[in-house]
Every structure is written in structure tokens, then in C-alpha cells.
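Start counting at 1 in the sequence shown, then tack on 92, and there's your number in this note's numbering. Note that beta-carbon positions come from the ideal geometry of N, C-alpha and C, so glycine has one too. All figures in this text were calculated on a predicted structure; none of them were measured in a lab. All remarks here apply to the structure that follows.
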Amino acid sequence: MSILNQRDAIKLDIDLMSDKCGFVLEQLMELAGFSVAQAISKVYPKESNSNILLCIGPGNNGGDGLVAARHLSHFGYKPKLMYPKPPKSQVFRNLLQQCSQLDIPIVEILDLEKCLKDTNVVVDALFGFGFKSPVREPFVQILDLLAKTSIPIASSNPSLILTYLISTILYAISVT
Ligand SMILES: NC(=O)C1=CN([C@@H]2O[C@H](COP(=O)(O)OP(=O)(O)OC[C@H]3O[C@@H](n4cnc5c(N)ncnc54)[C@H](OP(=O)(O)O)[C@@H]3O)[C@@H](O)[C@H]2O)[C@@H](O)CC1
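If you want it as C-alpha cells, here you go:
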């Protein structure tokens, strides 16, 4: 398996959506979210892991998470969304509407700690290659709780928590 760094991931997406390759954002997002849902169903069977909490960020990575939530619901899981910033564009409003039609509930940040107690797997769809440290609220609270939990965290950007921890440490050093 090879893991792309931030620069290569950005370049790959630019290439895919160029005139030469002809892909569009919604198509790539659908593939990314479907792949996340498929990977979860393979590693965490729904019989013992039906409660999935998807933490959705403000950018395209969050869109991947909304797509994953829809597919997980179709696969028979009981997904919930933590979506602290309202969607800015029609693409995201459509994805959210599709989740709403499937009765996928939205969890408030205040209820996150309680919700984690009943969660089998967390999907971290907070940030992708658009992340720039340091983390700003309301995501600090969310990532603090996720960093403490022992619940498995699935992500299409597996280095995120590590990036977050390193950036938090570097930021703490820079302001002391
Ligand atoms: N072609 C594609 O693009 C495709 C991309 N895909 C997926 O999308 C990912 C890249 O998407 P992206 O470029 O929207 O970036 P992403 O990190 O999801 O969000 C940026 C947002 O986060 C915010 N933000 C940033 N840092 C922050 C901080 N420290 N604290 C708080 N907020 C912060 C930032 O806010 P701003 O700084 O602009 O105010 C902005 O709103 C990529 O990795 C892949 O997973 C697939 O769907 C396939 C097609």
C-alpha cells in the first residue's frame, strides 16, 4: 500500500479533474465515500458494530463522510452525523438532504461525549488536504475528545490525528 502526502494528493485531484481526465468533484467524492463505507463493512461487521459516528468537516473531506454515511445506512448500519458547520454549497446541501431522507440523525457537539459511549466506530471525515494548522474551534473540542477515545477511528486521511497532535504540540511550543 502506498500513502500519498498532501502535495501529491492535491496534484492527483487536479490531474483527475483536468480536461485530460474529465472527472468531476461529485464523482470522486462518491467513490471516496463509498470506499470508506465498504472498508468499514469489511473490517467492522454490522452485526457487532452497527453504531457509526461520522464526524463531518467543512470541506470536501466532509462530503466524503456524508456519502459514506448514506452507503453505511444502505448497508444496514445506524450512522449518526456530527456536522458542526452548516454546508456552504449546493453539493453539500444535496448530500445532507440525502442523509436526512434516510433519517440519519445529527448529534450536537454538547452530546458528543455521551454519543461516543454508544459508538462502535468513528469515521473521521473532518479534514483532508485542505487542513492548515492550528485547528480552530469548534473542531478543537471534537478532536480533543476523539484523541482521548479508545473507539476505533476510520479515516480516508489516516495521518490526520497524528497531524493534529503534532500541530497542537508545535503550536503549544510556539505560544509558550
Ligand atoms: N477534488 C477534490 O478536492 C476532492 C477531494 N476529496 C476529499 O476532499 C479533501 C480535500 O478537500 P478540501 O480541499 O475541501 O479540504 P478539507 O481539508 O476537506 O477542508 C477544508 C476546509 O477546512 C477548513 N479548515 C482547514 N484547516 C482548518 C483548521 N485548522 N481549523 C478549522 N477549519 C479548518 C477550511 O476553512 P478555511 O481555512 O478555508 O476557513 C475549509 O473550509 C481531500 O483530502 C479528499 O479527502 C474527495 O472528495 C475527492 C475529490
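Which of the three DSSP states is assigned to residue i in this structure?
i      : result
Met121 : helix
Val213 : strand
Leu61  : Shown here, the chain extends from 93 to 268; a query on residue 61 therefore has no answer.
Leu158 : helix
Asn143 : strand
Leu218 : coil
Lys170 : strand
Ser87  : For the chain, the structure presents residues 93 to 268; residue 87 sits outside this window and is missing.
Ser251 : Only weak support is given to the placement of Ser251: the predicted model assigns it a pLDDT of 44, under 50, and the value that follows is read from those uncertain coordinates. Of the three classes helix, strand and coil, the one that applies to Ser251 here is coil, per DSSP.
Ile132 : helix
Ile148 : strand
Ile243 : coil
Cys191 : helix
Ser127 : helix
Cys113 : coil
Asn186 : helix
Asn153 : helix
Ser94  : coil
Ile196 : coil
Ser165 : helix
Lys103 : helix
Is any non-hydrogen atom of ligand 1 found closer than 7 Å to the C-beta of residue i, if you look at the structure I gave you?
i      : result
Met121 : yes
Met93  : no
Gly155 : yes
Pro150 : yes
Leu194 : no
Asp210 : no
Ala101 : yes
Ala131 : no
Met174 : no
Asp105 : yes
Phe184 : no
Ala124 : yes
Arg162 : no
With 16 as the cutoff for other CB atoms within 10 Å, does residue i come out buried or exposed?
i      : result
Lys172 : buried
Val116 : exposed
Cys191 : buried
What residues in its chain sit with their C-beta under 6 Å from that of residue i, if we drop five residues either side in the sequence?
i      : result
Asn153 : Ala217, Phe219 and Gly220
Output needed for residue i: all residues of its chain with C-beta closer than 7 Å, excluding positions within five of it in sequence on either side, in chain order.
i      : result
Ser270 : In the structure as shown, the chain starts at 93 and stops at 268, and residue 270 therefore has no counterpart that could be examined.
Just to confirm my understanding: we take residue i, look at its own chain, exclude 5 residues before and 5 after, and list those with CB closer than 8 Å. What are they?
i      : result
Gln130 : His163
**Prompt:** Okay, do the region 151-165 and the region 124-131 touch, 3+ Cβ pairs below 8 Å being the bar?
**Reply:** yes
**Asked** Quick check: the region 194-206 against the region 233-248, are there 3 or more CB pairs under 8 Å?
**Response** yes
**Asked** Would you call the region 241-251 and the region 126-140 in contact, with 3 or more CB pairs under 8 Å?
**Response** yes
**Item:** contact_flag[the region 141-156, the region 222-232] where n(CB pairs < 8 Å) is 3 or more
**Value:** yes
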